[in-house]
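Visitor: Please find one structure pasted underneath; my questions will follow.
Chains as they are written, first to last, in the numbering used here: chain A, 1 to 282; chain B, 1001 to 1282.
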């Protein structure tokens, strides 16, 4: 249980962290967030996360809560105060507090909340055996490139996965293609060792781990194709995996009722996970 | 400015109303709401609003925050304490406070916030001249029948309307049909006096004012068609109007750059507005 949270200018006891009932994040989901992994007390990919936060804020025309050096300081200071070695930092920016009205308020100060959590990553067993995903229709809105807190469909999707004994739900668009998971990006590997993941666009979030892995793959000469892939293609793939800030690279060994790669994590996935682990440990 | 808000079991000063930073409404938009009009100190259509709240909660499997008699008491008591004669009551229920994780928490108590606001309805000028609406693509998720607080697309749509000098934005689905406004239901009247509004389903909210007006129309022998209508049909309609708990029946005299009914509120719309005013005054 973390000791401190940062809430609108102050470090407070986590259990005392409160926002006003008319914060637009609470009434309209009018805000954005980031989850940054922490390894050995250090924020991994701090700048790409802050860049993406700026992108999300810009798309929604929400003012930045403070200048980047100040935000960077707050994040690092909270990690320090909570003595966090391995876990995640969560930051959320909303449009601020205003009398409830859909349109943007004339003058308002963005709200900023930052918390941390101890988290060791997926269990050894899950890494060894691979995760199971189910597939469900992608019923989200048309701007999934914005990392907004408007996450209700993601919540419902994850819950369906859990109820069916799975770790994640892959979302299928109206053309039968996989977009991404409810909180992770989706990847497959073909039998001739091409790695495939959906191209960036409004249908998926530009994952920071996705981008880092992409760079590692380019450096190591992997063949990457960024394009839509169908559920059928995924089910007949040699390997499958997901990426996220909390799971890094996690093998998938079952999609719905179909085993992938004989039901065992594949060699490419293992190598990519090792490469990501080395990257975050740097 | 209202004096009191009801927040999780207590009547508190409105400006002191606070919820925890890990309320799932704040982090996931994992909650629902209702807006109930108040006329002459009385809640209008109280039971249909509470019925719809139950529906939304049920669809999301969020537990009711309290039994209906208790909720009814809280709403009426807040109206009384705030000496509200004419305005709106807002109530919001979220899944409650839990350490951030997409899936439903195992044990959690639903959070309940209720506020009121003085509001006199649309200005006399707007009623006299009619409102302008713009049209934009409907980019929302696939479950608009749930009155969730996941309202970011609605916020962005309303803001676009305001920036273009309009009162509301009508949302156009991928088939070119009008679904509804960002916070209102959409209606048109044909030259042969048929009234048309979108049928209920996942694409629109089941408006309480919509239902009340529907009943008034049936009692008075109006011809109502519940079906999709295209933007072209709307632009060539004899009359157009919108309904909501805050606006009741509001004439629309311009859609994008096209005038409707010669740019003046039509006779049917005026009659229906009068009927609604008589209904809420009962």
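We treat Cβ as the ideally placed atom computed from N, Cα and C, and that holds for glycine. As the structure is a computational prediction, the values presented were derived from the model and not from experiment.
Starting from the C-beta of residue 199 of chain A, find all residues in its chain whose C-beta is less than 8 Å away, skip the five residues before and the five after it, and write them out in chain order.
Guide: Working through the first chain from its first residue, we reach residue 199 of chain A at position 199. Hits under 8 Å: 226, 227, 228.
Visitor: When the distance is taken between beta carbons, is residue 206 of chain A closer than 8 Å to residue 52 of chain A?
Guide: Counting from 1 along the first chain, the entry for residue 52 of chain A is found at position 52. Counting from 1 along the first chain, the entry for residue 206 of chain A is found at position 206. Taking 8 Å as the Cβ cut-off, residue 52 of chain A and residue 206 of chain A qualify as a contacting pair.
Visitor: So, at 7 Å on beta carbons, what are the nonlocal neighbours of residue 20 of chain A in its own chain, with the 5 sequence-adjacent residues on each side left out?
Guide: For this step, residue 20 of chain A is matched to residue 20 along the first chain. Answer for residue 20 of chain A: 97, listed in chain order.
Visitor: In chain order, what residues of the same chain have a beta carbon less than 6 Å from the beta carbon of residue 1224 of chain B, not counting five sequence neighbours either side?
Guide: Working through the second chain from its first residue, we reach residue 1224 of chain B at position 224. Same-chain partners within the cutoff: 1195, 1217.
Visitor: I think residue 255 of chain A touches residue 235 of chain A, with their Cβ atoms under 8 Å apart; what is that distance to the nearest whole Å?
Guide: As a position in the first chain, residue 255 of chain A is number 255, starting the count at 1. As a position in the first chain, residue 235 of chain A is number 235, starting the count at 1. With a Cβ gap of about 5 Å, residue 255 of chain A and residue 235 of chain A count as contacting.
Visitor: Am I right that residue 117 of chain A and residue 88 of chain A are in contact with their C-beta atoms under 8 Å? What's the rounded C-beta distance?
Guide: The residue you call residue 117 of chain A lines up with position 117 of the first chain. The residue you call residue 88 of chain A lines up with position 88 of the first chain. Sure, about 5 Å apart at Cβ, within 8 Å.
Visitor: Between residue 21 of chain A and chain B, is there a C-beta pair that is closer than 8 Å?
Guide: Position 21 of the first chain, counted from the start, is the residue given in the question as residue 21 of chain A. Yes, because at least one Cβ of chain B sits closer than 8 Å to the Cβ of residue 21 of chain A.
Visitor: Could you name the residues of the same chain whose beta carbon sits closer than 7 Å to that of residue 1139 of chain B, not counting the 5 residues immediately before and after it, in chain order?
Guide: One-based indexing of the second chain puts residue 1139 of chain B at position 139. Hits under 7 Å: 1153.
Visitor: Leaving out five residues before and five after residue 1150 of chain B in sequence, what residues of the same chain have Cβ atoms less than 6 Å from its Cβ?
Guide: Position 150 of the second chain holds residue 1150 of chain B. Within the same chain, residue 1150 of chain B has close Cβ partners 1029.
Visitor: Decide yes or no for the touch test of the segment 12-26 of chain A against the segment 246-260 of chain A: beta carbon pairs closer than 8 Å, at least 3 of them.
Guide: No contact exists between the segment 12-26 of chain A and the segment 246-260 of chain A.
Visitor: Report the neighbours of residue 28 of chain A on chain B: residues whose CB is nearer than 8 Å to its CB, in chain order.
Guide: Here the question's residue 28 of chain A lines up with position 28 in the first chain. What residue 28 of chain A touches in chain B: 1149, 1151, 1152, 1154, 1155.
Visitor: Opposite residue 244 of chain A in the DSSP bridges: which residues?
Guide: Here residue 244 of chain A corresponds to residue number 244 of the first chain, with the count starting at 1. BP columns for residue 244 of chain A point to A:248.
Visitor: Here's a check: name, in chain order, each residue in its chain whose Cβ is nearer than 7 Å to the Cβ of residue 1213 of chain B, leaving out the five neighbours to either side.
Guide: By one-based count along the second chain, residue 1213 of chain B stands at place 213. Cβ neighbours of residue 1213 of chain B beyond the five flanking positions: 1243, 1249, 1272, 1276.
Visitor: Contact criterion: CB-CB distance below 8 Å. Does residue 288 of chain A meet it with respect to chain B?
Guide: In the structure displayed, chain A extends from 1 to 282; residue 288 of chain A sits before or after that span and is not available.
Visitor: Quick check: the segment 1123-1138 of chain B against the segment 1055-1066 of chain B, are there 3 or more CB pairs under 8 Å?
Guide: With the cut-off at 8 Å, the segment 1123-1138 of chain B and the segment 1055-1066 of chain B do not touch.
Visitor: Of all the CB atoms in chain A, is at least one closer than 8 Å to the CB of residue 1018 of chain B?
Guide: In the second chain, the residue the question calls residue 1018 of chain B occupies position 18. Taking Cβ atoms only, chain A reaches closer than 8 Å to residue 1018 of chain B, which makes this a yes.
Visitor: To the nearest whole angstrom, what separates the beta carbons of residue 1177 of chain B and residue 1123 of chain B, a pair I think is in contact under 8 Å?
Guide: One-based indexing of the second chain puts residue 1177 of chain B at position 177. One-based indexing of the second chain puts residue 1123 of chain B at position 123. Not really, about 30 Å apart at Cβ, beyond 8 Å.
Visitor: Nearest by alpha-carbon distance to residue 192 of chain A: which of A:174, A:44, A:238 is it?
Guide: Position 192 of the first chain, counted from the start, is the residue given in the question as residue 192 of chain A. The shortest Cα separation from residue 192 of chain A among A:174, A:44, A:238 belongs to A:238.
Visitor: May I ask you to list the residues that DSSP assigns as paired with residue 1126 of chain B?
Guide: Residue mapping note: residue 1126 of chain B aligns to position 126 of the second chain, counting from 1. Residue 1126 of chain B is not bridged to any residue.
Visitor: Please name the residue in B:1103, B:1081, B:1061 whose C-alpha comes closest to that of residue 1093 of chain B.
Guide: In the second chain, residue 1093 of chain B corresponds to position 93, counting from 1. Checked all of B:1103, B:1081, B:1061; the closest Cα to residue 1093 of chain B is B:1061.
Visitor: Which runs of the beta strand (DSSP E) at least 3 residues long sit entirely within the segment 176-236 of chain A? Give them in chain order.
Guide: The qualifying runs are 177-181, 185-189, 194-197, 223-226.
Visitor: With DSSP collapsed to three states, give me the class of residue 55 of chain A.
Guide: Within the first chain, numbered from 1, the residue matching residue 55 of chain A stands at position 55. Residue 55 of chain A: helix per DSSP, three-state reduction.
Visitor: Determine, using beta carbons only, whether residue 1147 of chain B and residue 159 of chain A come nearer to each other than 8 Å.
Guide: What you label residue 1147 of chain B is simply residue 147 of the second chain in a count that begins at 1. What you label residue 159 of chain A is simply residue 159 of the first chain in a count that begins at 1. No, these two residues do not count as a Cβ contact at 8 Å.
Visitor: Comparing alpha-carbon positions, which option in A:183, A:111, A:129 lies nearest residue 145 of chain A?
Guide: Stepping through the first chain from its first residue, residue 145 of chain A is reached at position 145. Of A:183, A:111, A:129, the residue nearest in Cα terms is A:183.
Visitor: Would you say residue 1141 of chain B faces chain A, with C-beta separation under 8 Å as the test?
Guide: In the second chain, residue 1141 of chain B corresponds to position 141, counting from 1. Yes, because at least one Cβ of chain A sits closer than 8 Å to the Cβ of residue 1141 of chain B.
Visitor: So residue 137 of chain A is in the beta strand (DSSP E); what residue range does that whole segment cover?
Guide: In the first chain, the residue the question calls residue 137 of chain A occupies position 137. Its beta strand (DSSP E) spans residues 131-137.
Visitor: On the DSSP letters alone, give me the boundaries of the alpha helix (DSSP H) that residue 1159 of chain B sits inside.
Guide: Position 159 of the second chain holds residue 1159 of chain B. Looking at the DSSP string, the run of the alpha helix (DSSP H) that includes residue 1159 of chain B is 1152-1163.
Visitor: I want to see whether chain B comes within less than 8 Å of residue 92 of chain A, judged by CB atoms only; does it?
Guide: By one-based count along the first chain, residue 92 of chain A stands at place 92. Residue 92 of chain A counts as touching chain B.
Visitor: Going by DSSP, what residues sit across from residue 115 of chain A in a beta bridge?
Guide: The residue labelled residue 115 of chain A in the question sits at position 115 within the first chain. A:90.
Visitor: Taking DSSP's pairing of strands, which residues face residue 1020 of chain B in a bridge?
Guide: Here residue 1020 of chain B refers to the residue found at position 20 when the second chain is read from its first residue. Answer is A:18.
Visitor: With which residues is residue 1011 of chain B paired in a DSSP beta bridge?
Guide: As a first step, residue 1011 of chain B is located in the second chain; it is residue number 11 there, counting from the start. DSSP output for residue 1011 of chain B lists B:1006 as bridge partner(s).
Visitor: Less than 8 Å between CB atoms is the rule here; does residue 167 of chain A satisfy it with respect to chain B?
Guide: Position 167 of the first chain holds residue 167 of chain A. Judged by the 8 Å Cβ criterion, residue 167 of chain A is not in contact with chain B.
Visitor: With distances taken Cα to Cα, identify the nearest neighbour of residue 1043 of chain B among B:1071, B:1179, B:1157, B:1009.
Guide: Position 43 of the second chain, counting from 1, holds the residue named residue 1043 of chain B. Per the Cα distances, B:1071.
Visitor: Residues in its own chain within less than 7 Å of residue 1261 of chain B by CB, not counting five upstream and five downstream?
Guide: Taking the first residue of the second chain as 1, we reach residue 1261 of chain B at position 261. Cβ within range, chain order: 1238, 1239, 1253.
Visitor: Go to residue 267 of chain A, then tell me how far its alpha helix (DSSP H) extends in each direction, as first and last residue.
Guide: The count along the first chain starts at 1 and reaches residue 267 of chain A at position 267. Note, residue 267 of chain A: alpha helix (DSSP H), 267-281.
Visitor: Mind checking the segment 1172-1189 of chain B against chain A and listing, in chain order, the residues whose C-beta falls within less than 7 Å of any C-beta there?
Guide: Within the segment 1172-1189 of chain B, the qualifying residues are 1182, 1183.
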